């Protein structure tokens, strides 16, 4: 029984070490390139946000989504849909966007910029 | 250009955001029930004229009371 535990434990430790080294190698690079405090790259954030948008509404999956896409006009969301989408994005990055900021997020690019500049996002 | 929201509209949006956040604190299998309920509650009044301030303010008060009620930890599901 213990042997089995050990067997599962070693790869886990291994994996964690791998993750740790990966993190440290990512952070300085992104700091240099994007001045991001969170260690997330802009491309990374963009793809994850686009995925959240596509998961949020199936009818949006076929639409082209760019940084300039506005929630209201291009994606056809009303103000309440946008709120829901932003909350979904908050969940994805494990942050809470204050009301004041969230009210001003009108397109994908602004949202990406905010997430990249937020040190708590991950 | 996107029209700026009025102060009252902003309040509605904020209430809606708090409601959705509340739904996300509930057990994952019941979240769709909460979201559906929130949609139906807000949907009921979506045709109220923008200038009908007293009604909207009244509904905002009722809404935040209900939100408080449903935010309680004992509330796990909704139908």
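Protein chains in written order, with the UniProt record's numbering: chain A, 1 to 122; chain B, 1 to 79. Ideal placement from N, C-alpha and C gives every residue a C-beta, glycine not left out. Since the model is a prediction, treat every value here as computed from it, not as a measurement.
Beta-carbon neighbours of residue i, restricted to chain A and to distances below 7 angstroms
i, result
"residue 21 of chain B", "87"
"residue 10 of chain B", "103"
9 angstroms Cβ cutoff, residue i in contact with chain B
i, result
"residue 68 of chain A", "no"
"residue 52 of chain A", "no"
"residue 59 of chain A", "no"
Residue i in three-state terms, based on DSSP
i, result
"residue 74 of chain B", "coil"
"residue 5 of chain B", "coil"
"residue 15 of chain B", "helix"
Residue i: CB within 8 angstroms of a non-hydrogen atom of the ligand NAP
i, result
"residue 90 of chain A", "Absence of the ligand NAP is noted for the structure shown, with no ligands found whatsoever."
Residue i and residue j closer than 9 angstroms at C-beta
i, j, result
"residue 83 of chain A", "residue 20 of chain B", "yes"
"residue 112 of chain A", "residue 85 of chain A", "no"
"residue 41 of chain A", "residue 87 of chain A", "no"
"residue 53 of chain B", "residue 8 of chain B", "yes"
"residue 127 of chain A", "residue 101 of chain A", "What is shown of chain A runs 1 to 122, which leaves residue 127 of chain A out entirely."
"residue 49 of chain A", "residue 89 of chain A", "yes"
"residue 62 of chain B", "residue 34 of chain B", "no"
Interface partners of residue i on chain D, CB under 9 angstroms
i, result
"residue 74 of chain A", "Protein chains A and B are contained in the structure displayed, whereas chain D is not."
Where residue i meets chain B, residues with beta-carbon distance less than 7 angstroms
i, result
"residue 99 of chain A", "14 and 17"
Quick one: complete alpha helix (DSSP H) runs, 4+ long, within the stretch 17-70 of chain B? 31-44
Segments assigned alpha helix (DSSP H), at least 4 residues, entirely inside the UniProt domain "Carrier" (43-119) of chain A: 79-93, 99-104 and 108-117
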